[in-house]
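Yeah, the sequence shown ends on 252 if you go by this note's numbering, and it's all consecutive. Glycine included, each C-beta is placed from N, C-alpha and C at the ideal position.
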Amino acid sequence: MKAVVLAGGFGTRLRERVPNLPKPMALVAGRPFLEYVLDRLIAGGVSEIILSVGYLADVVIEHFGSAYCGAAVSYAVESEPLGTGGAIAHALKGQGDAPVLVLNGDTFINIDYAEFMRWYAQSPTQVAMVLREVPDVTRYGSVLVSGNRVAGFAEKGKVGGGLINAGVYVVDPGVFESFGLSGAFGFEGDLLQDHCDELTPGAFITDAYFIDIGIPKDYDRAQLELPEILQ
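Written out as structure tokens, the structure is:
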């Protein structure tokens, strides 16, 4: 099983805490956050990992090298910012036609990736998403579902509980060409939101532990919670 992990984030809101590292490399209980993400992938059967890197790419490359915990590691390096969608498309070039796991390197969700892929195989779509119910969707925006498909997206700012995009997908590499997307573009905005009606992405809903370290409050929370979750 193969996975692309977006690991080139600037971490603007964490800059005071993590001034000289890409956001996924921020230390959590003495380890780069990205290690926790990769550990979970490998536990779920992923044997080949492509790290999409840009900002301070050498930090990631020097840390992980060509292998990590038995999984082969390679790199898709952005020479200029491509946005999340462009970064994924760049990382998938030359990787064949089979659907690939794609996930954000600055979020962690404690799911069984093998189970997710088995679920996907029962009803394949061009894109499938992992969704997580949270008590307050204000920071993230919410995702609307109908059955096991995504029906739409609500903008950030809405208050109250709901489903959010957990930043984990299965992506058919041909989906970008299908919608004429190339160069720099956003995955969520330019693909998922703008073409939701045509895509009707698969919706895998879970209550598994989830954390996004993008703001100092949650970065601090991760220091205590992640080691306990994974012990």
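In chain order, each alpha helix (DSSP H) run of at least 4 residues that lies wholly inside the stretch 117–183: For the stretch 117–183, whole alpha helix (DSSP H) runs of length 4 or above, ordered along the chain, are 134–143.
Would you mind sorting residue 93 into buried or exposed? The rule is 16 or more other CB atoms within 10 Å of its CB. With fewer than 16 other Cβ atoms within 10 Å, it is exposed.
Quick check on the DSSP output: what are the complete alpha helix (DSSP H) runs of length 4 or more inside the stretch 210–249, in order along the chain? Here the runs fully enclosed are 217–220.
So, are the CB atoms of residue 59 and residue 47 less than 8 Å apart? Here residue 59 is not near residue 47, since their CB atoms are 8 Å or more apart.
Should residue 27 go down as buried or exposed, given a rule of 16 or more other Cβ atoms within 10 Å for buried? Buried, because 16 or more other Cβ atoms sit within 10 Å of the Cβ of residue 27.
Buried or exposed: which applies to residue 223, given that a residue is buried once 16 or more other Cβ atoms fall within 10 Å of its Cβ? So residue 223 ends up on the buried side.
Select from 191, 166, 162 the residue whose C-alpha is nearest the C-alpha of residue 177. Closest by alpha carbon: 162.
Specify whether the stretch 110–124 and the stretch 186–197 touch according to this definition: at least 3 beta carbon pairs, one from each stretch, less than 8 Å apart. Under the Cβ criterion (8 Å, minimum of three pairs), the stretch 110–124 counts as touching the stretch 186–197.
How about the stretch 179–187 and the stretch 150–166: do they share at least three Cβ pairs that are nearer than 8 Å? Yes, the stretch 179–187 is in contact with the stretch 150–166.
Are there 16 or more other CB atoms within 10 angstroms of the CB of residue 71, so buried, or fewer, so exposed? Its Cβ being crowded by 16 or more others within 10 Å, residue 71 is buried.
Any idea if residue 62 is buried or exposed, counting beta-carbon neighbours within 10 angstroms, 16 or more meaning buried? Looking at its Cβ environment, which holds 16 or more other Cβ atoms inside 10 Å, residue 62 is buried.
What does the alpha-carbon distance come out to for the pair residue 169 and residue 225? Cα to Cα, residue 169 sits roughly 7 Å from residue 225.
With a 10 Å radius around its C-beta and 16 neighbouring C-beta atoms as the bar for buried, classify residue 73 as buried or exposed. Residue environment: residue 73 is assigned as buried (16 or more neighbouring CB atoms within 10 Å of its CB, all protein chains considered).
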